[in-house]
Each structure stands twice: as C-alpha cells, then as structure tokens.
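**Student:** Protein sequences appear in the order of chains A and B. Quick note: the first sequence uses full-length UniProt numbering, first residue 1, plus one each step. Quick note: the second sequence uses full-length UniProt numbering, first residue 1, plus one each step. No residue lacks a Cβ here, since even glycine has one placed at the ideal position from N, Cα and C.
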Amino acid sequence: MKWLALLLGVGLSAQVVASDIINAKQLLTDMSSAIQERNFDASFVVVKGKGMEPYRWLHGKVEDSELEILSRQNGAGLEVVRVDNKVTYFEPQTQPYSIETDAIAGPIPEILFGEIGSLSNSYDFVLGGKERIADRAAQLVRLVSKDEHKYNYWLWIDIQSALLLKAAYVTQQGEVLEQLQLTHISVTEQPAQPLIELSSKDFPMPLASLAETENTQKLQNNWRIGWLPEGFKLLKSDRHKLDLNNELADYFLFSDGLVEFSVFVQRPLSGQRASGALSSGATTVYVHNSGAFDVSVVGKIPTMTAKAIAESVTRPL
Amino acid sequence: MTQSNFNVKDGQVTSSIFDAEQALDNASQAQFDADKFARYALIGDAMRSQQNQAPCIDITASMADALADEVTYGEQAPQQEPQKVRQEDNVVALSNWRKPLAQVAIAASVSLVAVLGVSNYAPQEQANGDFPVLQSTPVTGSVSPVSLSSEPALESAEKGLRELQQQRIGALVLEHQRQSRMAHALAQQAQEEKEEQEK
C-alpha cells in the first residue's frame, strides 16, 4: 500500500510540475498577444535603486498597421515610435534614426512581445502566486535562470486582460534590483488620438544594414573572449568610434534573448587604475585594466559574471 | 503675510549662499540665518562623509532640565510607595522570615508603578510634542554612480574616478544602450539566415 501511495504521489507531483510549465508559458504567450492586439494607454515607472523614470506607453491598431509610442517623461527625454516593423528613436543630441524590427527596445525586453519559447534553453518558466498590482489581480510568472551567472526576471500579468502589470530583475538571492511598475492602464475600443496621427507621418528610412554601418570595420578575430555565460550568442562585432568621446573601441554584442551585454576593448587610459564595477539598477559596468588594453563589460548581468567575462579576454596567439 | 514671505526667502537665501549660487555680500548677509547655515554645513559634511566623528549633540543637560520640570506621574504612585516602605520597615522589625515575601510585594508594587508610569507617559509625550529624532549616521546606502537615465553618465561616476574615465564609462553605457536596441533585430536576422541555410 505504501508503495502505491508513493507512486501515486510522485506521479501527481510530476503532473503538477508539467502543467505549471504549460501555464506559465501560456500566460506569457497570452501576454505577448494581448500587448500586440489591444488598444491601450499606459503609464509606468522604472525604479533603479533610488532612481525613478516615468514612461508613457501607447499602443493601438489603426486599420491594418500596428502603432506604438513609448516616451520617457522626465529629463532630457526619449521618444520611440513604432509603425509596424519600423522603430524610430528620437533622442536629444542625435539625429532620429530607424531600425527595422518588430519591437521597441525599451525598459521591457523585446522577447516578451514575441516568441518567448526560445528562452527555455536558458530559463525555467515558473508559476508564482497571485497578487494585487495596480489595483488588479495579477499572476506572478518567474523566469528563473538555469545557472547563477544571470539575473532572474519576474513578471506580474493581469489575470483579466493578460497585460503586463509589473516586472523586475531579481538576483539569485531574491533581491530586487530594478523594477517596472504600471501605475495606470486603460484599455479602449479605439486607439488613442496620438496614434491615429502617427499613421500620416513620415519617418527616417531604416538603417541600411544593421551589421555594417558607416565608420565601422569588420573585426578580424582581434580578441579571444575565453568565457561566456551559458546561452549567450555573439550578435555583432566591429571596430567603431564611440559617440560621446570619439574613442575607438573593438566592440562585441552578446545576447541570450532576454538580456544583452557589450564587451569593449580599448586603449588603456594613462595612470594606474584598479579594475572595478559600477552598477545602476540591474545594469553593471565592469572595467578591467589588463595592462596593455582595457576591457569593459556593460549589461544587465551580475558583477561577478561581468568580471569573469572581462578577465577572460586575451589577445589571440 | 509679509512675515511668511520673508521667512521663505530667508531660507532660500541661506540655501543658495551655501550652494555658491549667490555671493555672500552685505545684502544677502542681512538675511543670513547662522543656525541654518551651521546645520546645512553639518548635513553636507555628513553626506560627503567628511565628518570624521559622528556629529555629537549633547542633550543630557536639556534632558535633565526636562526631567526636573516633569510632573510626577499619577497621584497613586507617591501615595503607594510610602505605604510599602512602611510595611517593609514593619516586617523587618517583626521577623526575618517574612522578608522574602515583603520583597515580592515591593517588587510587585514597583512593577505596578512602572506600568502606571508607562501608561501615563505615552499621552504626556504626545502632549509634549516632538522629541527630536536624532540620526547621526547619514543614510548614504550604496553608491550608484552612473546615471543611465536622462543625461547618460555625464554626471559624476564614483567618487575618486578621474573625469576621463567617467567620460569613458558614460560613453560605454550610452553605446551599450544604443547597440542593444539592434540586438533583437540582429537576433531575428541571424535566425532567418540560419533557417534559410537549413533549407
């Protein structure tokens, strides 16, 4: 009898786990389609430590085209406009430019608007509890990193409308580093007026080719990056000048689908400087002084991971 | 009306003098609030951790004064205590074996006074108004130096980092922000190419 009970118990718990995965994944898929289908006007804040950035987010469908506006409400500002597969960034001190892609790269990882299944190699989808967020019933879904080299990402999804209500980067120890919280959302039948006006406007042509733009050179195996956290792939490598200080850098961009990090190899600055890390919210900047060159790693990854990547960069033999 | 206007202005002037936004001349000195200035300086030093010693504010004298002026709590306490003391005296005089019992009784009465004292004290404290809450250690928390928000990292990075390095870090953060905008498109592009090759 005991054996039977044990078997039954194991069988039941396995079934529960399996349905959990389906549900968590299903919720995320529902969220992604809700964000793409509905007309909504939302406000949210991004809280990084003591800093706070308010945003407004409009989305709608006018005739057959999908329209979206994301704007930062404080400071110098940022406005991102999407018309179907063309995303245009308006920022101070830079000419507006467009990128051909189907999602705005803002505080919300783009993968959440698309095919989240590709994340299952690096993250587990775990269903959490129910909570009240922004005065709505929300279901917590956790993206749990399969190793300790990445942060976890938690999402709270509106049970009724499947829209995103809250999201946070959480360390392996459960400490919240950076969170995004909706303060208001209204889902409407008709798209908001600013969106309707968008469809009659012209935007810059998308950058011709993403991999090669002006002033960049293809990088010929200049550096060997000895260690990468599991699941990250190289998306881009080149040599170009940085916008702000016109310094030349060998550049690598890596992504695991959810987060990206950049590796810069540069001429060392004069003087003895120790290697070290800075952080703001989930973003880490690790600067490693290896003597003959400086390696900097920037991204939403733990400091120890950034340090290990930076220190693994060597010249090829 | 004019009084309140004056006060507000006064505070502003002190603050702007302190921030070096206004020169310290005769006109501004007239509205100079020395106490406030000293307080601001102390706050500034504490925030910058330049104060080697924690600010030490001696409140023992004022506490002693306040206690001296304090009304004795409740009428019962003074009445009860002499009785108890008298009882104890009697007990000691009569016999030694009752001493422990008497001690228990005293202990009980003392605790009763203490309870009375506490319950009396709470409303009195409220009536007295605000006891200053001292926070001698400045709440600085961890340093989060790079401003990723509006003016990407043009603001100061960690204390002690050279300006050049600050500038570089700012440039790196901005560049990462810009480049990662393309990440999604690049990933999709790579995916499509891979699928085409497989066909």
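In terms of residue numbering, what span does the alpha helix (DSSP H) encompassing Gln181(A) cover?
**Tutor:** First-last for Gln181(A): Val176 to Thr188, but that is the beta strand (DSSP E), not the alpha helix (DSSP H).
**Student:** Of the choices Gly299(A), Asn289(A), Lys50(A) and Val298(A), whose alpha-carbon is the least far from that of Glu311(A)?
**Tutor:** Asn289(A)
**Student:** Under a Cβ-count criterion, where at least 16 other Cβ atoms within 10 Å of its own Cβ denotes burial, should Thr140(B) be classed as buried or exposed?
**Tutor:** Because the pLDDT of Thr140(B) is 37, which lies under 50, any placement of that residue in the model is unreliable, and the question is left without a value.
**Student:** Tell me, please, which residues DSSP counts as bridged to Tyr151(A).
**Tutor:** None; Tyr151(A) has no bridge partner.
**Student:** Under 8 Å, with one C-beta from each stretch per pair, do the stretch 185 to 198 of chain A and the stretch 271 to 282 of chain A reach the 3-pair mark?
**Tutor:** no
**Student:** Indicate whether at least one CB of chain A lies closer than 8 Å to the CB of Glu195(B).
**Tutor:** no
**Student:** Kindly say whether Met182(B), judged by its beta-carbon, lies nearer than 8 Å to any beta-carbon of chain A.
**Tutor:** yes
**Student:** Shortest alpha-carbon distance to Asp64(A) belongs to which of Val83(A), Val46(A), Ala76(A) and Gln266(A)?
**Tutor:** Val83(A)
**Student:** For chain B, check one thing: does any of its Cβ atoms lie closer than 8 Å to the Cβ of Asn245(A)?
**Tutor:** yes
**Student:** What residue from Glu53(A), Asn121(A) and Leu253(A) has the CA that sits closest to residue 387(A)'s CA?
**Tutor:** In the structure as shown, chain A begins at 1 and stops at 317. Residue 387(A) is therefore absent and cannot be evaluated.
**Student:** Taking the straight line between their C-alpha atoms, what separation do you get for Gly129(B) and Gln36(A)?
**Tutor:** Its pLDDT being 37, under 50, Gly129(B) is placed unreliably by the model, and nothing is read from it.
**Student:** Expressed to the nearest angstrom, what Euclidean distance is found between the alpha-carbon atoms of Val263(A) and His240(A)?
**Tutor:** 13 Å
**Student:** Quick one, which of Leu140(A), Ser33(A) and Val187(A) has its alpha-carbon nearest Ile111(A)'s?
**Tutor:** Of Leu140(A), Ser33(A) and Val187(A), the residue nearest in Cα terms is Ser33(A).
**Student:** Who are Met52(A)'s beta bridge partners in DSSP?
**Tutor:** According to DSSP, Met52(A) bridges with Val47(A).
**Student:** Can you grab the Cα-Cα spacing for the pair Glu230(A) / Asp147(A), in whole Å?
**Tutor:** 8 Å
**Student:** Pick helix, strand or coil for residue 323(A), following the three-state DSSP scheme.
**Tutor:** What is shown of chain A runs 1 to 317, which leaves residue 323(A) out entirely.
**Student:** Can you say whether residue 203(B) is buried or exposed, counting buried as having 16 or more other CB atoms within 10 angstroms of its CB?
**Tutor:** Past the edges of chain B, shown from 1 to 199, lies residue 203(B), and the structure says nothing about it.
**Student:** Going by the CB atoms, is the gap between Phe203(A) and Lys86(A) shorter than 8 Å?
**Tutor:** yes
**Student:** Would you be able to state if there are at least three C-beta pairs under 8 Å between the stretch 158 to 166 of chain A and the stretch 131 to 141 of chain A?
**Tutor:** Three or more Cβ pairs closer than 8 Å define a contact, and the stretch 131 to 141 of chain A meets that threshold against the stretch 158 to 166 of chain A.
**Student:** Going by CA-CA distance only, name the one from Ile185(A), Thr171(A), Glu115(A) and Val295(A) that's closest to Lys25(A).
**Tutor:** Glu115(A)
**Student:** Anything in chain B within Cβ reach of Phe264(A), meaning under 7 Å, just list it in chain order.
**Tutor:** Ordered by position in chain B, the residues that pass the 7 Å Cβ test against Phe264(A) are Leu172.
**Student:** Alpha carbon to alpha carbon, what distance is there between Arg142(A) and Val71(B)?
**Tutor:** 59 Å
**Student:** Please compile the residues from chain C whose C-beta is within a distance smaller than 7 Å of the C-beta of Ser255(A).
**Tutor:** You won't find chain C in this structure, because its protein chains are A and B.
**Student:** CB Asn222(A) to CB Asp256(A), shorter than 8 Å?
**Tutor:** In this structure, the beta-carbon distance from Asn222(A) to Asp256(A) does not fall below 8 Å.
**Student:** Measure the C-alpha to C-alpha separation of Pro138(B) and Met47(B) and round it to an integer number of angstroms.
**Tutor:** Residue placement at Pro138(B) cannot be trusted, given a pLDDT of 35 that sits under 50; the coordinates are not used to answer.
**Student:** What would DSSP say about Ser16(B), mapped onto helix, strand or coil?
**Tutor:** helix
**Student:** Work out the CA separation of Gln266(A) and Ala162(A) for me, nearest whole Å.
**Tutor:** The alpha-carbon atoms of Ala162(A) and Gln266(A) are separated by roughly 45 Å.
**Student:** Under 8 Å, do Lys48(A) and Ser296(A) count as touching if we go by C-beta distance?
**Tutor:** no
**Student:** Tell me which same chain residues have a C-beta within less than 7 Å of the C-beta of Gln190(A), skipping the five on either side of it?
**Tutor:** Asn39
**Student:** Starting from the C-beta of Leu269(A), find all residues in its chain whose C-beta is less than 8 Å away, skip the five residues before and the five after it, and write them out in chain order.
**Tutor:** Asp294
**Student:** List the residues of chain B that Ser296(A) touches, going by C-beta distances under 7 Å, in chain order.
**Tutor:** The answer, in chain order, is Leu172.
**Student:** Would you identify the three-state DSSP class for Arg82(A), choosing helix, strand or coil?
**Tutor:** strand
**Student:** Using a Cβ-Cβ distance cut-off of 8 Å, determine whether Glu260(A) contacts chain B.
**Tutor:** yes
**Student:** Tell me whether Ala185(B), by its Cβ, gets closer than 7 Å to a heavy atom of the ligand GDP.
**Tutor:** Inclusion of the ligand GDP in the displayed structure is not the case, the ligand content being empty and no account of it being possible.
**Student:** Indicate the three-state DSSP secondary structure (helix, strand or coil) for Ala134(A) in the structure shown.
**Tutor:** coil
**Student:** Which residues does DSSP list as the beta-bridge partners of Ile99(A)?
**Tutor:** Val87(A)
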